[in-house]
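Take a look at the structure below.
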Amino acid sequence: MASPRSRLALFFAVVVAAILVAVAACGKPAPRAAAPSPTPPSAAAASATTPTGGDPATRAAALVKQLSDEQLAGQVLMPYAYGSSATDVSPASAAGNQKLGKVDTPAQMIQKYHLGGLILVGFSADDPTSTNQATTNVDNPKQITALTDGLQKAAGGQAPILIGTDQEYGAVTRIKSGVTLLPSAMALGAGNNPAGTEQGWKVAGDELRAMGLNVDFAPDADVLGTADGGVIGSRSFGSDPKAVGDQVAASVKGLQSAGVAATLKHFPGHGSTPSDSHTDLPVIGRSKADLTKVDLAPFQAGIDAGAQLVMSGHLDVKSIEPGVPASFSHKALVDVLRGEMGFKGVVVSDALNMAPAEKWPAGEAAVRALNAGNDLLLMPPNVGGAYQGLLDGLHNGSLKKDRLVEAATRDLTLRFTLADAGAKPDQNVLASDSHLSVAGGLSAAAVTQLRGQCGAPIQGPVTVSTSPGRDTSKATLEKALRAEGVQVVASGGRVVHLVGYGDGPKDLDPAADVTVGLDTPYVLGSAKSPNIVATYSSTPDSLKALAKVLAGKQKPTGKSPVDVPGLPRTVC
């Protein structure tokens, strides 16, 4: 055993050694802790304390109480992002996301800004909305499903984020591959069968939901009132408010029966404006009485059918608040839409990267749009700027917290409602035989004859010609004609001439035996052909139905849903 003196010496040696170790460690960085996992967009929504009892509104109200200002601000934003995957993007897509929100991927954007939703975008040459579609992230069902699954995984939580797109069909169709394609809204208007329309939009909803989308920015509730249809054109069901309202209500019921939220647009009505709100601020000069009778009627029908969203339009409506876009007008969105029309769902702004909204910086536009009565802010041109603008507004008093809470509560109520819709359909529904049959029937019912002997078959060999840029439609019709037993020759036959979106009188062939309109029928009023037919749409089903009519195997039972100067709505 060591002596007391030796034990004391040992004690002092240990103390000195400890001091020396501490001094040596001085100035060295502490071991680095593992980086925390990214916080999901609604931290409370992903936690064990997420409200699970009660109806969606009750759960939303309980959840909102747990959210920080930063989380609340994100709930009302629904931007787009670059990349066809949530987490794996190209350098160019990463650069685009850096410009939008100083992140690389869509998943990081959701997490950094606590987003309440994301819109998937894409465009084609014939798309009137392509001017504000800076990217394409919809390709095919497999890719889209992986993307939406990745976005929801990034968000976390029991309230799914909103993932939407503009699947209107016709000129504005984001997803074109591997899915059932309905004919345009105007084609459905020509068929004039709301029950069939509801069935068609149930098909659309089932397929969107199978790919992980839960919001469709459709149907278009605009009533056409201009000679050429303007930017709306065949996106509208027609020019009669009652008929348009019936189609709108049917579309809403069909979509939402599949668990996909429908969106009425563009409130309070874009159908009588020759200018385009993507680049200008269109003016609507109707009296309030006429606005209510014409433009608002289909919106009311859609609201009465239970539409879960209404999109506010960038439109200067003189009878409501002159000089102020309806998308930024408290009178339009609160006094008229909510007060007079009784809408209780989510008001979503039209894209904030359109010209009328970009007159203000992104942050100021976000605050103005929210104060006007929008609950969800779509496609801000700068996600970080819009997000910071909302936070700054809370701090400087230009945005009241009660307004932000109200908007976020509405958005979360919708998200919980969609979560309660159940499991998404099996992907076998995509372009299934039963779905294709529905679309084919709707396309056939739309074909309209506006001049000539009703349903008379074309005699002799046929030569198909087109206005520029319609080679695919030409080839599809030629194949369909041959399938119906019609001889098709490259030249010298009876000419069937196709015109479509954006075409005018200069695109017509005065020598054609048959002129066919594949979009709005207005240009057909200038056609000299002895036979005039309209399909209002250029889907393969529409062209197959046209072939049957030209072959005399199907009657053209449609009726034009708009007036064409010099032509009847049908000769049948």
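Numbered per mature numbering (1 follows the signal peptide of the UniProt record, and there is no 0), the sequence shown spans residues -24 to -1, 1 to 548. Where a beta carbon is used, it is the ideal one built from N, C-alpha and C, also for glycine. It should be emphasised that the depicted structure is a prediction, and the values quoted were computed from it without experimental measurement.
**Item:** Beta-carbon contacts of S13 that lie in its chain and below 6 Å, excluding the five residues immediately before and after
**Value:** On the sequence shown, residue 13 is found 37 positions in, with the first residue counted as 1. Because S13 carries a pLDDT of 36, less than 50, the predicted location of this residue cannot be relied on, and no value is offered for it.
**Backbone CA spacing between T121 and G133 [nearest angstrom]** = Taking the sequence shown and counting its residues from 1, the one referred to as residue 121 is at position 145. Taking the sequence shown and counting its residues from 1, the one referred to as residue 133 is at position 157. Each residue's Cα considered, the two are about 19 Å apart.
**Message:** DSSP has P544 in a bridge; who is on the other side?
**Reply:** Here residue 544 refers to the residue found at position 568 of the sequence shown. DSSP, once it has assigned bridges, lists no residue as partnering P544.
**Asked** Is the segment 510 to 521 touching the segment 171 to 186 in the sense that three or more CB pairs, one from each, lie closer than 8 Å?
**Response** no
**Prompt:** Three-state secondary structure (DSSP) at L(-15)?
**Reply:** Working through the sequence shown from its first residue, we reach residue -15 at position 10. At L(-15), the pLDDT of 38 sits below 50, so the modelled position is not reliable and the matter cannot be decided from this model.
**Request:** Would you tell me roughly how many angstroms separate the C-alpha atoms of A283 and V440, rounded to the nearest one?
**Result:** Along the sequence shown, read from residue 1 onward, the residue named residue 283 stands at position 307. Along the sequence shown, read from residue 1 onward, the residue named residue 440 stands at position 464. So the two alpha carbons sit approximately 42 Å from each other.
**Nearest neighbour of A203, chosen from P544, G445, D539 and I508 [CA to CA]** = For the purposes of this step, residue 203 is identified with residue 227 of the sequence shown, where counting begins at 1. Comparing Cα-Cα distances from A203 to each of P544, G445, D539 and I508, the minimum goes to D539.
**Request:** Taking A415 as the reference, give the member of D292, L353, L164 and V148 with the closest Cα.
**Result:** What you label residue 415 is simply residue 439 of the sequence shown in a count that begins at 1. Selected option, being the one with the closest Cα: L164.
**Prompt:** Where does K482 land, buried or exposed, given buried means 16+ other C-beta within 10 angstroms?
**Reply:** As a first step, residue 482 is located in the sequence shown; it is residue number 506 there, counting from the start. With fewer than 16 other Cβ atoms within 10 Å, it is exposed.
**Item:** Spatial distance of A37 from L48 (CA atoms)
**Value:** Residue numbering aside, residue 37 sits at position 61 when the sequence shown is read from its first letter. Residue numbering aside, residue 48 sits at position 72 when the sequence shown is read from its first letter. Rounded to whole angstroms, A37 to L48 spans 12 Å at the Cα level.
**Prompt:** How many angstroms separate the CA atom of K535 from the CA atom of M355?
**Reply:** Position 559 of the sequence shown, counted from the first residue, corresponds to residue 535. Position 379 of the sequence shown, counted from the first residue, corresponds to residue 355. Looking at the two C-alpha atoms, the distance is approximately 37 Å.
**Prompt:** On the three-state DSSP scale, how would you describe S441?
**Reply:** By 1-based counting over the sequence shown, the position of residue 441 is 465. The answer is strand: DSSP assigns S441 an E or B state.
**Request:** Taking K400 as the reference, give the member of S233, M85 and H371 with the closest Cα.
**Result:** The residue labelled residue 400 in the question sits at position 424 within the sequence shown. Here the closest residue by C-alpha is S233.
**Request:** Give the DSSP-derived three-state secondary structure of residue 597 in the structure shown.
**Result:** The chain is shown only over -24 to 548; residue 597 falls outside these bounds and no answer can be derived.
**Item:** Cβ neighbour criterion (16 or more within 10 Å) applied to S410
**Value:** Against the sequence shown, residue 410 aligns to sequence position 434. Counting Cβ neighbours within 10 Å, S410 comes out exposed, since fewer than 16 surround it.
**Message:** Using the three-state DSSP reduction, which class does L285 fall into: helix, strand or coil?
**Reply:** Your numbering for residue 285 matches position 309 in the sequence shown. Here L285 sits in strand by DSSP.
**Prompt:** Alpha carbon to alpha carbon, how far is I279 from P117?
**Reply:** The sequence position of residue 279 within the sequence shown is 303, counting from 1. The sequence position of residue 117 within the sequence shown is 141, counting from 1. Taking the straight line from one Cα to the other gives about 31 Å.
**Message:** Is the separation between the beta-carbon of L267 and that of S305 shorter than 7 Å?
**Reply:** Taking the first residue of the sequence shown as 1, we reach residue 267 at position 291. Taking the first residue of the sequence shown as 1, we reach residue 305 at position 329. Not a contact, by the Cβ cut-off of 7 Å.
**Message:** With a threshold of 7 Å on Cβ separation, who are the neighbours of V79 within its own chain once the five nearest residues in sequence on each side are excluded?
**Reply:** Along the sequence shown, one-based indexing puts residue 79 at 103. Once the five neighbours on either side are set aside, the close Cβ partners of V79 are N73, M85 and K88.
**Prompt:** Using 8 Å as the threshold, is the segment 233 to 242 in touch with the segment 193 to 200, meaning 3 or more CB pairs across them?
**Reply:** yes
**Request:** Could you tell me which residues DSSP puts in a beta bridge with S325?
**Result:** Reading the sequence shown from its first residue, position 349 is the one you call residue 325. Bridge partners of S325: S288.
**Message:** For residue 552 and R314, what's the separation of their Cα atoms in angstroms?
**Reply:** What the structure shows of the chain is the stretch from -24 to 548, and residue 552 is not part of that stretch, so it cannot be assessed.
**Prompt:** In chain order, what residues of the same chain lie with their CB nearer than 7 Å to the CB of Q143, ignoring the 5 residues before and after it?
**Reply:** Taking the sequence shown and counting its residues from 1, the one referred to as residue 143 is at position 167. If we look at Q143 and ignore the five residues flanking it on each side, its Cβ neighbours are T149, R150, I151, A180, L184, D192 and A194.
**Item:** Identity of the residue in A281, T393, L346 and E340 nearest V310 by Cα
**Value:** Stepping through the sequence shown from its first residue, residue 310 is reached at position 334. The residue with the shortest Cα to Cα distance from V310 is L346.
**Message:** With the cut-off set at 7 Å, would you say R470 and I434 are in Cβ contact?
**Reply:** For the purposes of this step, residue 470 is taken as residue 494 along the sequence shown, with counting starting at 1. For the purposes of this step, residue 434 is taken as residue 458 along the sequence shown, with counting starting at 1. Yes, they are a contact pair.
**Request:** Please classify Q530: does DSSP put it in a helix, a strand, or coil?
**Result:** In the sequence shown, counting from the first residue as 1, residue 530 sits at position 554. Note: Q530 maps to coil in three-state DSSP.
**Request:** Would you list the one or two residues that DSSP bridges to Y145?
**Result:** Locating residue 145 in the sequence shown gives position 169, counting from the first residue. Per DSSP, V148.
**Message:** Please report the straight-line C-alpha distance between P55 and D31, rounded to a whole angstrom.
**Reply:** In the sequence shown, counting from the first residue as 1, residue 55 sits at position 79. In the sequence shown, counting from the first residue as 1, residue 31 sits at position 55. Using only the alpha carbons, I get a separation of about 28 Å.
**Message:** Would the segment 392 to 408 count as touching the segment 367 to 375 if we require 3 or more Cβ pairs under 8 Å?
**Reply:** no
**Item:** Simplified DSSP state of I279, which is helix, strand or coil
**Value:** Within the sequence shown, residue 279 is the residue found at index 303, counting from 1. I279 falls in the helix class under three-state DSSP.
**Message:** Between E206 and D495, how many whole angstroms is the CB-CB distance? I'm expecting something under 8 Å.
**Reply:** As a first step, residue 206 is located in the sequence shown; it is residue number 230 there, counting from the start. As a first step, residue 495 is located in the sequence shown; it is residue number 519 there, counting from the start. Sequence inspection shows Gly at residue 206; the Glu mentioned does not correspond to that position. Rounded, the Cβ-Cβ distance is 13 Å, inconsistent with contact.
**Item:** Rounded distance between the beta-carbons of R391 and N507, thought under 8 Å
**Value:** Locating residue 507 in the sequence shown gives position 531, where the first residue counts as 1. Locating residue 391 in the sequence shown gives position 415, where the first residue counts as 1. Not a contact, Cβ separation roughly 52 Å.
**Prompt:** Is the CB-CB distance between A281 and V228 below 7 Å?
**Reply:** Translated into the one-based positions of the sequence shown, residue 281 becomes position 305. Translated into the one-based positions of the sequence shown, residue 228 becomes position 252. Contact: yes.
**Message:** Taking its Cβ as the centre, do 16 or more other Cβ atoms sit within 10 Å of G299, making it buried, or is it exposed?
**Reply:** Against the sequence shown, residue 299 aligns to sequence position 323. Classification for G299: exposed.
**Prompt:** R427 lies in the beta strand (DSSP E); which residues open and close that run?
**Reply:** Taking the sequence shown and counting its residues from 1, the one referred to as residue 427 is at position 451. Note, R427: beta strand (DSSP E), T424 to R427.
**Asked** My guess is that R138 and P82 are in contact by the Cβ rule of under 8 Å, so how many angstroms apart are they, rounded?
**Response** Working through the sequence shown from its first residue, we reach residue 138 at position 162. Working through the sequence shown from its first residue, we reach residue 82 at position 106. The sequence shown places Leu at residue 138, not Arg. That pair is no contact at about 14 Å.
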